[in-house]
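Novice: Numbering (our numbering), first residue to last: 2 to 661.
Quick reminder that beta carbons are idealized off the backbone N, C-alpha and C, glycines included.
Take this structure first; my questions come after.
Set out below in structure tokens:
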């Protein structure tokens with residue numbers, strides 16, 4: 002890194018002025034100013050440069066990012082443009098400081114963090130107060146037990162604008178208090194709870210109230226949080242109500258109070274109060290270089306040390322801001338579940354080459370099928386779904402699993418909207434499942450199929466599977482109706498999910514005798530851990546030796562669910578029986594031996610045991626396409642590490658306890 006660090010500012014607004022004024026204290030210099038390519042934007046950029054660096058280059062965002070003399074970029078534009086500019090800066094190889102919030106919603110934030118972690122450069126969200134000695138002193142007091150056991154955090158950042166116009170009252174620009182300054186009290190509570198617990202603090206309960214005004218933004222909102230360990234917090238924010246800005250941490254043996262926690266311009270101090278003792282004040286002169294918060298965060302970006310606010314903190318806090326808005330019913334027009342949400346980068350969606358994804362063929366289906374199949378049942382909204390689905394496609398995935406019963410249609414609608422937004426229906430395989438208990442009959446099959454098509458905006462299923470079997474109905478009746486839909490072009494190939502191997506054989510015998518298409522896919526539970534029970538009524542597994550033999554003898558593709566045993570290989574402990582479902586389905590001496598062997602082999606290959614479990618599934622002698630349901634991009638990346646592991650026949654047998 003050159004000394005001094007050469008910075009560019011993208012978005013010469015008010016907060017950028019405060020940042021630039023402190024850059025000289027960060028062993029840094031301003032060398033470029035970027036703005037929107039409009040006359041007004043160019044004029045603002047020129048005035049900004051004249052004030053802070055008369056020799057700095059002035060141009061549009063692309064021109065600034067193309068410069069070789071820029072090492073780091075500060076993105077301080079309006080919220081809705083952060084993501085696109087930050088990702089452009091990453092592609093240009095610049096370190097990036099992104100003004101808070103990282104992005105308006107958690108889906109976009111996930112995509113940004115994913116890109117940041119794969120970029121090879123430093124990326125930081127600009128919560129400058131967290132780097133200041135005042136807040137670090139607060140965390141030190143909490144960690145040291147100076148106020149005993151932390152019980153509650155009260156934090157507020159709210160002000161009254163005096164007028165309902167401009168950026169803060171514009172829903173199209175993600176206005177309102179929660180995103181503008183609500184991240185301050187939420188992040189402070191998150192960091193304090195983490196310091197008190199000694200590890201990142203998970204939120205166990207969350208509730209909120211607020212006022213959404215006629216302009217469609219939140220004007221005043223209150224959130225109540227309960228962290229693991231019982232620590233509670235109250236966070237308040239708004240742009241329509243003035244309240245003293247402060248942080249108070251309450252402990253069993255005292256309190257810590259910050260009367261100026263955020264801007265740190267007037268009265269930066271920490272007041273420690275304990276029963277029976279005089280209050281103790283720790284003051285921080287705002288004129289000293291060591292107390293310049295913006296300079297401290299600029300230094301933190303280019304340092305190799307762990308910053309005061311990490312990307313994990315960014316994910317956690319922005320998820321809470323999403324929950325806060327959800328709790329008060331605030332969704333911006335550009336992020337609704339019917340909106341045309343583009344890729345986070347703004348670039349066309351395409352597979353990244355080379356890809357670790359593997360592919361196979363299902364008889365009767367012309368398009369290749371990715372060995373990992375994205376389950377569409379864990380995505381809370383379209384922005385979140387779009388980010389996860391985009392990452393999957395970029396990693397080489399091309400097959401998606403839906404069901405009529407998932408979310409009572411919500412997840413089918415999300416997938417359909419995303420496919421329409423990307424214009425890639427011809428490039429992906431869509432699995433549709435229907436006929437779930439208690440509506441498991443030929444008439445329900447047809448009705449649900451058409452309802453699934455309507456929800457998805459689709460007219461055919463590449464793969465259709467009956468979600469359950471109803472053995473009270475002759476199997477031929479199901480084969481007849483499935484074949485009828487296939488003949489009409491509504492279904493390409495079909496099969497069953499949670500069907501017994503005997504009923505599949507019976508269905509295919511009927512099909513062969515009557516000139517119908519056979520079942521060519523089966524979706525039962527299969528994995529390295531042998532299942533002794535199933536999590537839901539009506540489910541079936543094929544993990545036993547007899548089923549494995551049957552799979553090897555039939556020309557039927559297996560699309561297993563829970564191939565990583567619902568977390569058994571990630572978190573199961575023989576001494577921990579708190580998860581009754583995990584215990585009931587998987588706990589046995591043999592399975593813990595399989596887990597130990599997966600962990601041993603994982604250590605040898607440098608991957609987690611979960612990757613070994615997936616690799617075991619994909620190494621079977623029959624066609625396997627594993628369903629997985631990641632809740633986040635990070636979970637998807639973790640699962641996909643298994644694609645890079647190719648096991649030998651000997652390793653597969655050893656893992657399955659079939660030798661040694």
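With burial defined as no fewer than 16 other Cβ atoms inside 10 Å of the residue's Cβ, what is the status of residue 661: buried or exposed?
Specialist: With a pLDDT of 47 at residue 661, under the threshold of 50, the predicted position of this residue should be treated as unreliable, and no value is reported.
Novice: Which one of 178, 29 and 582 has the shortest CA to CA distance from residue 533?
Specialist: It is 582.
Novice: On the DSSP letters alone, give me the boundaries of the alpha helix (DSSP H) that residue 115 sits inside.
Specialist: That run of the alpha helix (DSSP H) goes 107-118.
Novice: Under the criterion of a Cβ to heavy atom distance below 7 Å, does residue 507 qualify as lining the ligand PLP?
Specialist: What this structure holds is no ligand at all, so the ligand PLP is not there to describe.
Novice: Keeping to the same chain, check which residues put their C-beta closer than 8 Å to that of residue 210; ignore five residues upstream and five downstream.
Specialist: Closer than 8 Å at the Cβ level, and outside the excluded window around residue 210, lie 222, 223, 328 and 329.
Novice: Can you name the residues that DSSP bridges to residue 221?
Specialist: For residue 221, which the question treats as bridged, DSSP gives the partners 212 and 239.
Novice: Just to confirm, are residue 302 and residue 73 a CB contact at a threshold of 8 Å?
Specialist: Cβ atoms of residue 302 and residue 73: closer than 8 Å.
Novice: Looking at the unbroken beta strand (DSSP E) that takes in residue 141, where does it start and where does it end?
Specialist: Note, residue 141: premise wrong, no beta strand (DSSP E); alpha helix (DSSP H) at 134-145.
Novice: Please classify residue 449: does DSSP put it in a helix, a strand, or coil?
Specialist: Three-state result, residue 449: helix.
Novice: CB residue 616 to CB residue 648, shorter than 8 Å?
Specialist: Yes; because the gap between Cβ atoms is below 8 Å, this pair is in contact.
Novice: Would residue 517 pass as a contact of residue 470 if the rule is Cβ separation under 8 Å?
Specialist: No.
Novice: Where do the ends of the beta strand (DSSP E) carrying residue 406 lie?
Specialist: Careful: residue 406 lies outside any beta strand (DSSP E) and carries neither H nor E.
Novice: Could you pull out every residue in the same chain whose Cβ sits closer than 6 Å to the Cβ of residue 645, ignoring the five residues on either side in sequence?
Specialist: Counting only Cβ-Cβ distances below 6 Å, and skipping sequence neighbours, we find 357.
Novice: Could you please give the first and the last residue of the uninterrupted beta strand (DSSP E) stretch that includes residue 126?
Specialist: Segment 124-127, the beta strand (DSSP E) holding residue 126.
Novice: Go through its chain and collect everything with a Cβ distance to residue 285's Cβ below 6 Å, but skip five positions before and after it.
Specialist: 134, 135, 269 and 292, listed in sequence order.
Novice: Count the other C-beta atoms from every protein chain shown that fall within 10 angstroms of the C-beta of residue 557, then say buried if there are 16 or more, exposed otherwise.
Specialist: Flag for residue 557 reads buried.
Novice: Between 113, 93, 94 and 95, which lies nearest to residue 101 when the distance is taken from Cα to Cα?
Specialist: When only C-alpha atoms are compared, the closest one is 113.
Novice: Do the region 149-166 and the region 243-261 meet, that is, are 3 or more Cβ pairs less than 8 Å apart?
Specialist: Output reads yes: the region 243-261 touches the region 149-166.
Novice: With a threshold of 16 other CB atoms inside 10 Å of the CB of residue 463, please say whether the residue is buried or exposed.
Specialist: So residue 463 ends up on the buried side.
Novice: If distances are taken between C-alpha atoms only, which option among 297, 326 and 34 comes closest to residue 137?
Specialist: The residue with the shortest Cα to Cα distance from residue 137 is 297.
Novice: Given that a residue counts as buried once 16 or more other Cβ atoms are within 10 Å of its Cβ, and exposed if not, what is residue 409?
Specialist: Its Cβ having fewer than 16 others within 10 Å, residue 409 is exposed.
Novice: At which residues does the beta strand (DSSP E) containing residue 478 begin and terminate?
Specialist: Residue 478 -> not in any beta strand (DSSP E); alpha helix (DSSP H) instead, spanning 476-488.
Novice: Measure the alpha-carbon distance for residue 438 versus residue 586 and round it to whole angstroms.
Specialist: So the alpha carbons of these two residues sit roughly 21 Å apart.
Novice: For residue 455, I'd like the list of residues in its chain whose CB is within less than 8 Å of its CB, leaving aside the five on either flank, ordered along the chain.
Specialist: Excluding sequence neighbours, residue 455 sits near nothing in its chain.
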